[in-house]
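Novice:
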Amino acid sequence: MSDEATRLWIVRHGSTTWSASGQHTGKTDLPLTPEGERVAAALRPRLAEVSFGLVLTSPLERARRTAELAGFGHAEPEPRAVEWDYGAYEGLTRDQIRERVPGWTAWSHPAMPEGERLDEVAVRALAVVQRVRGSGVRDVLLFSHGHFLRVLATTWVGAPPTLGEHLALDPATISELGWDREAPVVDRWNS
1024 MSDEATRLWI VRHGSTTWSA SGQHTGKTDL PLTPEGERVA AALRPRLAEV SFGLVLTSPL
1084 ERARRTAELA GFGHAEPEPR AVEWDYGAYE GLTRDQIRER VPGWTAWSHP AMPEGERLDE
1144 VAVRALAVVQ RVRGSGVRDV LLFSHGHFLR VLATTWVGAP PTLGEHLALD PATISELGWD
1204 REAPVVDRWN S
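Take 1024 as the starting number for the sequence shown in my numbering and just add one per residue.
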């Protein structure tokens, strides 16, 4: 099977208390809220329509639990699919960060103090994309995190990772990355 035959289905984890409040959640391993669990479980019938040859998950609890509730408790941990390490900005909202750095966004100020740079996140995303494309299976499913998945989508289509700023991704949504002839494309986003 050629790389172009593989499709990558991506799911952002269900909501946590921090994602609901707009706090940057990188390495902090928070559980899903009751609402996050409800919407994660609602993914089950939608994802059951596809036969996935490989199912991956970030090892963080919020992604693993989303996978489990969606019917994929057997998902294989993929350590490179963890969220952006926000370093000193962990747990802060954009407004709180902007009190220190006016006009700040993760995309325009991509170096996180004591954390990861955007280009480092993109390197991890590329490694995941290469693993998926080299898997030899038709459909791959990945449970992960908002900012990481936005960078992964830009990597899939060969665009700069800063394009991720324009790809809003809600909790517990499904997106699909595939191909149009030989060109990598975003087939479905944030659905």
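Glycine included, C-beta positions come from ideal geometry on N, C-alpha and C.
1) Given a cut-off of 7 Å, decide if Glu-1106 and Gly-1049 are closer than it, judged by their beta-carbon atoms.
2) Please report the straight-line C-alpha distance between Arg-1156 and Val-1124, rounded to a whole angstrom.
3) Compute the distance between the beta-carbons of Leu-1079 and Glu-1099, then report whether it is under 7 Å.
4) Kindly indicate which three-state DSSP category Asp-1215 falls into: helix, strand or coil?
5) Three-state secondary structure (DSSP) at Val-1208?
6) So, are the CB atoms of Arg-1085 and Leu-1115 less than 7 Å apart?
7) Quick test of the definition: if touching needs 3 or more C-beta pairs under 8 Å, does the region 1060–1078 touch the region 1177–1187?
8) Would Ile-1033 and Ser-1198 be called neighbours here (beta carbons separated by less than 7 Å)?
9) Using the DSSP secondary-structure output, state which residues sit across from Ser-1198 in a beta bridge.
10) Look up Pro-1100 in the DSSP assignment and say whether it is helix, strand or coil.
11) Just mark Arg-1173 as buried or exposed, buried being the case when its beta carbon has 16 or more other beta carbons within 10 Å.
12) Quick test of your reading: Gly-1201 and Asp-1210, contact by CB under 8 Å. State the CB separation rounded to the nearest angstrom.
13) Going by the beta-carbon positions, is the gap between Thr-1160 and Leu-1031 smaller than 7 Å?
14) Please check the pair Trp-1179 and Pro-1207, which I expect to be a contact at CB under 8 Å, by giving their CB distance rounded to whole angstroms.
15) When the distance is taken between beta carbons, is Ala-1195 closer than 7 Å to Gly-1094?
16) What does the Cβ neighbour count give for Trp-1153, buried or exposed, with the cut at 16 atoms within 10 Å?
Specialist: Well, looking at it:
1) yes
2) 39 Å
3) yes
4) Given a span of 1024 to 1214 for the chain in the structure shown, any question on residue 1215 remains unanswerable.
5) strand
6) no
7) no
8) yes
9) Ile-1033
10) strand
11) buried
12) 4 Å
13) Residue identity check: residue 1160 is Val in the sequence provided, not Thr. Not closer than 7 Å, so no.
14) 5 Å
15) no
16) One point to set straight first is that residue 1153 is Gln, not Trp, in the sequence displayed. Burial call: exposed.
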